[in-house]
Amino acid sequence: MCLGVPAKILEINDGAAVVELGGVRREISVMLVDDVSVGGWVIVHAGFAIEKLSEEEAQQTLSLFREIADATEIH
Amino acid sequence: MLLKYIDDFRDPAAAKALVDRIRRAAGDAPVRLMEVCGTHTVAIARGGIRPLLSGAVTMLSGPGCPVCVTPDGYIDAAIALGKDRGILLASFGDMLRVPGKSSSLEREKGAGLEVRVVYSPLDAVTLAAAAPDREVVFLGVGFETTAPAIGGAIRTAAGRGVKNFSVLASLRTIPEAMGVLAADPEVRIEGFLCPAHVSVVIGADAYRPVAERYGIPCVVAGFEPLDILLGISMLLRQKKEGVARVENEYSRVARPSGNRKAQDLIRDVFVPCDTGWRGIGVIPSSGLRIADRYAAFDAEKKFGYSVVYAPEGSACRCGDVLKGKILPVDCPLFGKACVPEEPYGPCMVSGEGTCAAYYKYGGL
Numbered sequence: 008m009c010l011g012v013p014a015k016i017l018e019i020n021d022g023a024a025v026v027e028l029g030g031v032r033r034e035i036s037v038m039l040v041d042d043v044s045v046g047g048w049v050i051v052h053a054g055f056a057i058e059k060l061s062e063e064e065a066q067q068t069l070s071l072f073r074e075i076a077d078a079t080e081i082h
Numbered sequence: 005m006l007l008k009y010i011d012d013f014r015d016p017a018a019a020k021a022l023v024d025r026i027r028r029a030a031g032d033a034p035v036r037l038m039e040v041c042g043t044h045t046v047a048i049a050r051g052g053i054r055p056l057l058s059g060a061v062t063m064l065s066g067p068g069c070p071v072c073v074t075p076d077g078y079i080d081a082a083i084a085l086g087k088d089r090g091i092l093l094a095s096f097g098d099m100l101r102v103p104g105k106s107s108s109l110e111r112e113k114g115a116g117l118e119v120r121v122v123y124s125p126l127d128a129v130t131l132a133a134a135a136p137d138r139e140v141v142f143l144g145v146g147f148e149t150t151a152p153a154i155g156g157a158i159r160t161a162a163g164r165g166v167k168n169f170s171v172l173a174s175l176r177t178i179p180e181a182m183g184v185l186a187a188d189p190e191v192r193i194e195g196f197l198c199p200a201h202v203s204v205v206i207g208a209d210a211y212r213p214v215a216e217r218y219g220i221p222c223v224v225a226g227f228e229p230l231d232i233l234l235g236i237s238m239l240l241r242q243k244k245e246g247v248a249r250v251e252n253e254y255s256r257v258a259r260p261s262g263n264r265k266a267q268d269l270i271r272d273v274f275v276p277c278d279t280g281w282r283g284i285g286v287i288p289s290s291g292l293r294i295a296d297r298y299a300a301f302d303a304e305k306k307f308g309y310s311v312v313y314a315p316e317g318s319a320c321r322c323g324d325v326l327k328g329k330i331l332p333v334d335c336p337l338f339g340k341a342c343v344p345e346e347p348y349g350p351c352m353v354s355g356e357g358t359c360a361a362y363y364k365y366g367g368l
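Residue numbers (my numbering), protein chains in the order written: chain A, 8 to 82; chain B, 5 to 368.
So, in structure tokens, the structure goes:
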């Protein structure tokens, strides 16, 4: 029930944003997040963006996974 | 572009490396870890993670499925509101099949009860605004992830003057339930895999009291298979080092102090209260009721109905499943008198229920 889906913001109009969710365009509320911008990523739950996705942090976690995979291949 | 945030978190080479790492770090006896959240339960079952770690780690499933811990008295109150008052009910889809004392919303719907399934609580406000001569009650069930959305809907209705909208609230907070499980000597949890999206709202730091008071390591993890494996690996490292602190694997979304705007909204619209958890009992300060200043949007006050919590007395062992004391297969009803098509207990109803996940994905 606490599923949240990453979605890219396509439009913003006055407290609401349009995102694409599962191939369908849908309006969501952005009242819970500051400074959202078109092209940015948010996590959507029950019609609300509950947080912005940090690309920088995502990249750091992904590089950690790559390091772990590479370290094993060497051994 | 979207694939970057999905496929990369499912890389098989990294998964294998993490499984090896977990197996190396585990001791002679399997380490008892609990995934608190139902979304993790499903991801672990779907990803086949339990058998990969068997012998090294025992993953216990926690009480983190809101549908499963909603008392049957709540369903009874919702049905009564609809039947006695002719109120239009709006609900998340997964509540419909949850059994009350004698019926479910789905069964009543078949007999004429008006229940609309909505994706967002805001859809219920829209429904009410479009039908000003009808009372619309939204069945507000959820944890901290969902509370801001329900609070946001109440505030929106207040702002737009939608007076025929109200909420039958059944909201619960996770850290208090974790405290009860941490203190239970029968459960013996050695590490908590903390929920991803509850933590987005309340912040990873919210688990510090659990880690510090009970000496149990806590790691917030995302819902992708690699997130879960890395989270487990981090828990084992803490155990090996003999420390118990809060770490955050899901830093791409969850911040240490959480979403302040969402927290402010929760504090504005709701007040903490003692509440009953189906199968577990009453946990002090583990619920959120609608604050008096929004009483006009509180269906219990508006219509004079109250949700009664009464402990269940039956062969159903959902309570012990929710506390991690037994596995679904240890319940005498599992797979016999209780199957997804004809669920007896709430853990079999919800797609995120532990019993439903075990039934669907096999013995695990």
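Here a beta-carbon is modelled for each residue, glycine too, at the ideal position from N, C-alpha and C.
Pick from the options: whose alpha carbon is nearest that of residue i?
{"i": "G46 of chain A", "options": "A:K59, A:A78, A:S70", "result": "A:K59"}
{"i": "S170 of chain B", "options": "B:P189, B:V204, B:A18, B:I91", "result": "B:I91"}
{"i": "I83 of chain B", "options": "B:S354, B:S58, B:K113", "result": "B:K113"}
{"i": "R101 of chain B", "options": "B:Y362, B:K364, B:C351", "result": "B:C351"}
{"i": "C222 of chain B", "options": "B:V204, B:R249, B:I232", "result": "B:R249"}
{"i": "F72 of chain A", "options": "B:R25, B:G144, B:V275, B:G246", "result": "B:R25"}
{"i": "A215 of chain B", "options": "B:L64, B:Q267, B:G183, B:T45", "result": "B:G183"}
{"i": "S201 of chain B", "options": "B:A266, B:A186, B:A299", "result": "In the sequence on display, residue 201 of chain B carries His and not Ser. The candidate whose alpha carbon is nearest that of H201 of chain B is B:A266."}
{"i": "G66 of chain B", "options": "B:P288, B:Y363, B:G366, B:C359", "result": "B:C359"}
{"i": "S308 of chain B", "options": "B:F13, B:R28, B:L85", "result": "Sequence check: residue 308 of chain B is Gly here, not Ser. Nearest of B:F13, B:R28, B:L85 to G308 of chain B, Cα basis: B:L85."}
{"i": "A187 of chain B", "options": "B:I220, B:P332, B:P55", "result": "B:I220"}
{"i": "I330 of chain B", "options": "B:E253, B:Y362, B:D15", "result": "B:Y362"}
{"i": "D21 of chain A", "options": "A:S61, A:G30, A:S36, A:A14", "result": "A:S36"}
{"i": "G52 of chain B", "options": "B:M238, B:R28, B:P16", "result": "B:P16"}
{"i": "G291 of chain B", "options": "B:V275, B:E228, B:R50", "result": "B:V275"}
{"i": "Y254 of chain B", "options": "A:D77, A:A78, A:Q67", "result": "A:Q67"}
{"i": "R241 of chain B", "options": "B:R28, B:R14, B:V191, B:D12", "result": "B:R28"}
{"i": "A299 of chain B", "options": "B:V257, B:N168, B:E39", "result": "B:N168"}
{"i": "L197 of chain B", "options": "B:E180, B:G156, B:L239", "result": "B:L239"}
Based on DSSP bridge pairs, tell me the residues matched to residue i.
{"i": "S174 of chain B", "result": "B:V145"}
{"i": "I16 of chain A", "result": "A:V26"}
{"i": "E39 of chain B", "result": "B:S65, B:L197"}
{"i": "N168 of chain B", "result": "Note: N168 of chain B sits in no beta bridge, so no partner."}
{"i": "N252 of chain B", "result": "B:V224"}
{"i": "C342 of chain B", "result": "B:F338"}
{"i": "K59 of chain A", "result": "A:V49"}
{"i": "L93 of chain B", "result": "B:V119, B:V141"}
{"i": "S44 of chain A", "result": "None, per the DSSP bridge assignment."}
{"i": "I35 of chain A", "result": "A:A24"}
Please state whether the Cβ-Cβ distance between residue i and residue j is less than 8 Å.
{"i": "G357 of chain B", "j": "C41 of chain B", "result": "no"}
{"i": "P152 of chain B", "j": "I48 of chain B", "result": "no"}
{"i": "D80 of chain B", "j": "G97 of chain B", "result": "no"}
{"i": "G226 of chain B", "j": "R259 of chain B", "result": "no"}
{"i": "V204 of chain B", "j": "I75 of chain A", "result": "no"}
{"i": "G328 of chain B", "j": "I284 of chain B", "result": "no"}
{"i": "T177 of chain B", "j": "E148 of chain B", "result": "yes"}
{"i": "L22 of chain B", "j": "V61 of chain B", "result": "no"}
{"i": "T74 of chain B", "j": "R282 of chain B", "result": "yes"}
{"i": "L172 of chain B", "j": "V141 of chain B", "result": "yes"}
{"i": "V43 of chain A", "j": "A24 of chain A", "result": "yes"}
{"i": "V311 of chain B", "j": "S174 of chain B", "result": "yes"}
{"i": "L93 of chain B", "j": "E110 of chain B", "result": "no"}
{"i": "N263 of chain B", "j": "L39 of chain A", "result": "yes"}
{"i": "S369 of chain B", "j": "A53 of chain A", "result": "Past the edges of chain B, shown from 5 to 368, lies residue 369 of chain B, and the structure says nothing about it."}
{"i": "R14 of chain B", "j": "L230 of chain B", "result": "yes"}
{"i": "V286 of chain B", "j": "T279 of chain B", "result": "yes"}
{"i": "A19 of chain B", "j": "L233 of chain B", "result": "yes"}
List the endpoints of the continuous beta strand (DSSP E) containing residue i.
{"i": "D278 of chain B", "result": "274 to 281"}
{"i": "L331 of chain B", "result": "Segment: none, L331 of chain B is in no beta strand (DSSP E) and carries neither H nor E."}
{"i": "V23 of chain B", "result": "From DSSP, V23 of chain B is part of no beta strand (DSSP E) but of the alpha helix (DSSP H) over 16 to 29."}
{"i": "G114 of chain B", "result": "Counting along the chain, G114 of chain B falls outside any beta strand (DSSP E), though it belongs to the alpha helix (DSSP H) covering 109 to 114."}
{"i": "L56 of chain B", "result": "Not the beta strand (DSSP E): L56 of chain B falls in the alpha helix (DSSP H), residues 53 to 56."}
{"i": "V369 of chain B", "result": "This structure gives no information on residue 369 of chain B, because the portion of chain B shown stretches from 5 to 368."}
For residue i and residue j, which I take to be in contact (beta-carbon distance under 8 Å), what is that distance rounded to the nearest angstrom?
{"i": "V71 of chain B", "j": "G195 of chain B", "result": "In fact, because the Cβ distance is near 25 Å, the residues do not count as touching under 8 Å."}
{"i": "I16 of chain A", "j": "V49 of chain A", "result": "6 Å"}
{"i": "D334 of chain B", "j": "S261 of chain B", "result": "The pair is not a contact, with the Cβ atoms about 40 Å apart (cut-off 8 Å)."}
{"i": "T43 of chain B", "j": "L28 of chain A", "result": "In fact, because the Cβ distance is near 17 Å, the residues do not count as touching under 8 Å."}
{"i": "V145 of chain B", "j": "M99 of chain B", "result": "6 Å"}
Which first and last residues belong to the alpha helix (DSSP H) in which residue i is found?
{"i": "I48 of chain B", "result": "42 to 50"}
{"i": "F307 of chain B", "result": "303 to 307"}
{"i": "R217 of chain B", "result": "212 to 218"}
{"i": "L64 of chain B", "result": "Segment 61 to 68 is the beta strand (DSSP E) holding L64 of chain B; no alpha helix (DSSP H) there."}
{"i": "G235 of chain B", "result": "229 to 245"}
{"i": "A133 of chain B", "result": "125 to 134"}
{"i": "R84 of chain B", "result": "Residue 84 of chain B is actually Ala in this sequence, not Arg. Note, A84 of chain B: alpha helix (DSSP H), 76 to 89."}
{"i": "V353 of chain B", "result": "350 to 353"}
{"i": "L326 of chain B", "result": "322 to 326"}
{"i": "A360 of chain B", "result": "358 to 365"}
Step through the CB atoms of chain E and report whether any lies within less than 8 Å of the CB of residue i.
{"i": "T358 of chain B", "result": "As a matter of chain content, chain E is missing from the structure shown, whose protein chains are A and B."}
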